[in-house]
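Peer 1:
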Amino acid sequence: MAASWTRGLAWLALLFAGMPAWGAGSEPSPQQWAEARATAADIAAALARHCPVAGPGDQPAFEQCKRGLFGDGALRDALDAIVLWGRQRDPALSLQASSLTQFAPDVLTGLYLPLFMFDGQHSVRYVASEGLFQLRFATAFRNRLAPGQFPYPFWHDAEKWAMYQGANEVLLWWEPMRGRVKVAQFTVHGAQPPIAAVGKVPAPAGFGGQWMWTDAQGQTQPKATLFDGLYRRDNPWLGRLEGAYKQLALRLRQGECDSCHVPSNPDKSKRLVLLQTPAHAAGEIERLLKAVREDRMPRDETGIENPLDATTKRALLEDGEAFAAMLDAARRWEAQARLAGAAGTPAALR
Numbered sequence: 120m121a122a123s124w125t126r127g128l129a130w131l132a133l134l135f136a137g138m139p140a141w142g143a144g145s146e147p148s149p150q151q152w153a154e155a156r157a158t159a160a161d162i163a164a165a166l167a168r169h170c171p172v173a174g175p176g177d178q179p180a181f182e183q184c185k186r187g188l189f190g191d192g193a194l195r196d197a198l199d200a201i202v203l204w205g206r207q208r209d210p211a212l213s214l215q216a217s218s219l220t221q222f223a224p225d226v227l228t229g230l231y232l233p234l235f236m237f238d239g240q241h242s243v244r245y246v247a248s249e250g251l252f253q254l255r256f257a258t259a260f261r262n263r264l265a266p267g268q269f270p271y272p273f274w275h276d277a278e279k280w281a282m283y284q285g286a287n288e289v290l291l292w293w294e295p296m297r298g299r300v301k302v303a304q305f306t307v308h309g310a311q312p313p314i315a316a317v318g319k320v321p322a323p324a325g326f327g328g329q330w331m332w333t334d335a336q337g338q339t340q341p342k343a344t345l346f347d348g349l350y351r352r353d354n355p356w357l358g359r360l361e362g363a364y365k366q367l368a369l370r371l372r373q374g375e376c377d378s379c380h381v382p383s384n385p386d387k388s389k390r391l392v393l394l395q396t397p398a399h400a401a402g403e404i405e406r407l408l409k410a411v412r413e414d415r416m417p418r419d420e421t422g423i424e425n426p427l428d429a430t431t432k433r434a435l436l437e438d439g440e441a442f443a444a445m446l447d448a449a450r451r452w453e454a455q456a457r458l459a460g461a462a463g464t465p466a467a468l469r
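Once you know that position 78 of the sequence shown is 197 in our numbering, the rest is easy, because the numbers rise by one and skip nothing.
(1) So the alpha helix (DSSP H) Gly187 belongs to, where does it begin and stop?
(2) May I ask you to verify whether the stretch 287-296 touches the stretch 255-270, counting CB pairs closer than 8 Å and requiring at least 3?
(3) Residues in its own chain within less than 6 Å of Ala159 by CB, not counting five upstream and five downstream?
(4) Report yes if the C-beta distance between Val317 and Pro175 is below 8 Å; otherwise report no.
(5) In angstroms with no decimal places, state the Cα-to-Cα distance between Gln183 and Val307.
(6) If you compare alpha carbons, which of Ala315, Lys319, Phe252, Arg299 is closest to Ala277?
(7) Quickly, what does DSSP pair Val381 with across the bridge? List them, please.
(8) Straight-line CA distance for Leu407 to Arg457?
(9) Identify whether His308 lies in helix, strand or coil by the three-state DSSP scheme.
(10) Can Gln395 and Trp330 be called in contact, C-beta distance under 8 Å?
(11) Using a 10 Å radius around the Cβ and a threshold of 16 neighbouring Cβ atoms, would you call Pro270 buried or exposed?
(12) If you reduce the DSSP assignment to three classes, tell me which class Tyr283 lands in.
(13) Applying the criterion that 16 or more other CB atoms from any shown protein chain within 10 Å of the CB defines a buried residue, is Asp282 buried or exposed?
(14) Nearest by alpha-carbon distance to Pro149: which of Phe252, Leu203, Phe237 is it?
(15) Tell me which residues share the same chain as Ala193 and place their Cβ nearer than 8 Å to its Cβ, disregarding the 5 neighbours each side in the sequence.
(16) In chain order, what residues of the same chain lie with their CB nearer than 6 Å to the CB of Gly267, ignoring the 5 residues before and after it?
(17) Taking all protein chains shown into account, do 16 or more other C-beta atoms lie within 10 angstroms of the C-beta of Met296, making it buried, or fewer, making it exposed?
(18) Short of 6 Å in beta carbon distance, which residues of its chain neighbour Gln151, apart from the five on each side in sequence? Order them along the chain.
(19) In whole angstroms, what separates the C-alpha of Pro272 from that of Phe326?
(20) Does the Cβ-Cβ distance between Ala443 and Glu405 come in under 8 Å?
(21) So does Pro355 have its beta carbon nearer than 7 Å to some heavy atom of the ligand NAD?
(22) Assuming Ala398 contacts Gly229 (C-beta within less than 8 Å), just tell me the rounded distance between them.
(23) How would you label Leu391, buried or exposed, when you count the other beta carbons within 10 angstroms and need 16 or more for buried?
(24) What do you get for Pro224, buried or exposed, if any count of 16 or more other CB atoms within 10 angstroms of its CB means buried?
(25) Alpha carbon to alpha carbon, how far is Ala303 from Gly450? Give it in angstroms, no decimals.
(26) Apart from the five residues just before and just after Asp199, which ones in its own chain have a Cβ nearer than 7 Å to its Cβ?
(27) For Glu413, does the three-state DSSP call read helix, strand or coil?
(28) Opposite Gly205 in the DSSP bridges: which residues?
(29) Look up Arg390 in the DSSP assignment and give the residues it is bridged to.
(30) Give the range of the beta strand (DSSP E) segment to which Thr258 is assigned.
(31) Determine the burial state of Ala429: buried for a count of at least 16 other Cβ atoms within 10 Å of its Cβ, exposed for fewer.
(32) Excluding sequence positions up to five away, which residues of its chain have a Cβ less than 6 Å from the Cβ of Gln207?
(33) Work out the CA separation of Phe189 and Ala173 for me, nearest whole Å.
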């Protein structure tokens, strides 16, 4: 069952991410070059404004960065509906051959990009073999945050943790025809050292195989994946949202997909879909539900659709729809609270 779920969601990732969708094409026009440079400049300014260089364990600076990027128009408007994210192990490796994880913009801007600092330095190049512009932003990684501020324990993989710590550029692959970022990567292969001397530190905690855990104070971790710092603390839907995810996670475990759709990527999928925390699941829930409703997942070992039995399908859809409804309510509350400019909870939104 686990393998079929993996094939189903891996196929889903390929379908919605449109991979492979790029390749060698004609040289970009002067107008496209101008648009790429303008987009890069706008994003660089937003990154430097919200996420300036600070200490690699500076929590207030991290929270400022997270709030800013989560809501910033310059960055959000440039992102596609799905962005593929991952480390650039080898600059010569094509995007199609690279292992990448599928994220919604909320996940990328709320959980991953805030882990980096920026000073506005950037460059633009066109990669003809991909048919994409590569927008490059000088960076450094916040490697001294508390363990619960990372989306998951990056240190489960020593090479991954080392690459995060040594990152010196963030790369955004921008598609000129649609004017959207399709892929984002971090790399240690930039020409200059990181913009801050963060130094390499050992893993902040051991990894016992748990992607979520309860700390000594009885708090669920990683805190970052519970929408901490993204939604207001007085959002009345937050507690219910966590509870709805726990019920959904139970259904996912019954399908054994929790053993596959995790950061360790046991099946070595080139296009990974993560569901192991509330924030990750929130980015994929609508696509997941659509695929289950249409019996397009899971798939068997040959790639043929292998629909769930009626009872399992009904339970997954019910709990998935409940989670999606809670998520929508939390987002609507946030949107209305921002419009109202309220510091407290608007009574009408309770």
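Ideal placement from N, C-alpha and C gives every residue a C-beta, glycine not left out.
Peer 2: Answer, in terms of the structure:
(1) Reading the sequence shown from its first residue, position 68 is the one you call residue 187. Judged by DSSP secondary structure, Gly187 falls within the alpha helix (DSSP H) whose first and last residues are 178-190.
(2) Here the stretch 287-296 makes contact with the stretch 255-270; the two share three or more CB pairs at distances below 8 Å.
(3) Translated into positions along the sequence shown, residue 159 becomes position 40. Excluding residues within five positions, the ones whose Cβ falls inside 6 Å are His241, Val243, Leu254.
(4) The count along the sequence shown starts at 1 and reaches residue 317 at position 198. The count along the sequence shown starts at 1 and reaches residue 175 at position 56. Yes, Cβ-Cβ distance for Val317 and Pro175 is below 8 Å.
(5) For the purposes of this step, residue 183 is identified with residue 64 of the sequence shown, where counting begins at 1. For the purposes of this step, residue 307 is identified with residue 188 of the sequence shown, where counting begins at 1. For Gln183 and Val307, the distance between alpha carbons rounds to 25 Å.
(6) Taking the sequence shown and counting its residues from 1, the one referred to as residue 277 is at position 158. Closest option to Ala277, Cα to Cα, is Lys319.
(7) Position 262 of the sequence shown, counting from 1, holds the residue named residue 381. Note: Val381 sits in no beta bridge, so no partner.
(8) As a position in the sequence shown, residue 407 is number 288, starting the count at 1. As a position in the sequence shown, residue 457 is number 338, starting the count at 1. Between the alpha carbons of Leu407 and Arg457 lies a distance of about 29 Å.
(9) To locate residue 308, count along the sequence shown from 1; it is residue 189. The answer is coil: DSSP assigns His308 none of H, G, I, E or B.
(10) Residue numbering aside, residue 395 sits at position 276 when the sequence shown is read from its first letter. Residue numbering aside, residue 330 sits at position 211 when the sequence shown is read from its first letter. Yes, the pair counts as a contact, with Cβ atoms nearer than the cut-off.
(11) Walking along the sequence shown from the start, residue 270 turns up at place 151. Buried, because 16 or more other Cβ atoms sit within 10 Å of the Cβ of Pro270.
(12) Taking the sequence shown and counting its residues from 1, one reaches residue 283 at position 164. Three-state DSSP puts Tyr283 in a helix.
(13) Start at 1 with the first residue of the sequence shown, and residue 282 comes out as number 163. The residue asked about is misnamed: residue 282 is Met in this sequence, not Asp. Met282 comes out buried.
(14) Numbered from 1 along the sequence shown, position 30 holds the residue referred to as residue 149. Of Phe252, Leu203, Phe237, the residue nearest in Cα terms is Phe252.
(15) For the purposes of this step, residue 193 is taken as residue 74 along the sequence shown, with counting starting at 1. Excluding positions up to five away in sequence, the list reads Asp161, Ile162, Ala164, Ala165.
(16) Numbered from 1 along the sequence shown, position 148 holds the residue referred to as residue 267. Cβ neighbours of Gly267 beyond the five flanking positions: Gln340, Pro341, Lys342.
(17) Here the question's residue 296 lines up with position 177 in the sequence shown. It is exposed - the Cβ of Met296 has fewer than 16 other Cβ atoms within 10 Å.
(18) For the purposes of this step, residue 151 is identified with residue 32 of the sequence shown, where counting begins at 1. Within the same chain, Gln151 has close Cβ partners Pro295.
(19) One-based indexing of the sequence shown puts residue 272 at position 153. One-based indexing of the sequence shown puts residue 326 at position 207. For Pro272 and Phe326, the distance between alpha carbons rounds to 7 Å.
(20) By one-based count along the sequence shown, residue 443 stands at place 324. By one-based count along the sequence shown, residue 405 stands at place 286. Against a cut-off of 8 Å, the Cβ pair of Glu405 and Ala443 comes out as a contact.
(21) With respect to the ligand NAD, the structure shown offers nothing to examine, as it has no ligands at all.
(22) Start at 1 with the first residue of the sequence shown, and residue 398 comes out as number 279. Start at 1 with the first residue of the sequence shown, and residue 229 comes out as number 110. That belief holds up - the Cβ atoms of Ala398 and Gly229 are roughly 7 Å apart, short of 8 Å.
(23) If you number the sequence shown from 1, residue 391 lands on position 272. Buried, by the Cβ-count rule.
(24) What you label residue 224 is simply residue 105 of the sequence shown in a count that begins at 1. The residue is buried, with at least 16 neighbouring Cβ atoms inside 10 Å.
(25) As a position in the sequence shown, residue 450 is number 331, starting the count at 1. As a position in the sequence shown, residue 303 is number 184, starting the count at 1. What sits at residue 450 in the sequence shown is Arg, not Gly. One C-alpha to the other measures close to 25 Å.
(26) Position 80 of the sequence shown, counting from 1, holds the residue named residue 199. For Asp199, where only same-chain residues beyond five positions count, the Cβ hits under 7 Å are Arg299, Val300, Lys301.
(27) For the purposes of this step, residue 413 is taken as the residue at position 294 of the sequence shown. Here Glu413 sits in coil by DSSP.
(28) The count along the sequence shown starts at 1 and reaches residue 205 at position 86. Paired residues: Gln304.
(29) For this step, residue 390 is matched to residue 271 along the sequence shown. Its beta-bridge partners are Leu219.
(30) Numbered from 1 along the sequence shown, position 139 holds the residue referred to as residue 258. Counting along the chain, the beta strand (DSSP E) containing Thr258 begins and ends at 251-260.
(31) If you number the sequence shown from 1, residue 429 lands on position 310. Ala429 sits exposed, since fewer than 16 C-beta atoms from the chains shown fall within 10 Å of its C-beta.
(32) Along the sequence shown, one-based indexing puts residue 207 at 88. If we look at Gln207 and ignore the five residues flanking it on each side, its Cβ neighbours are Gln304, Thr306.
(33) The residue given as residue 173 occupies position 54 in the sequence shown. The residue given as residue 189 occupies position 70 in the sequence shown. Taking the straight line joining both Cα atoms gives about 19 Å.
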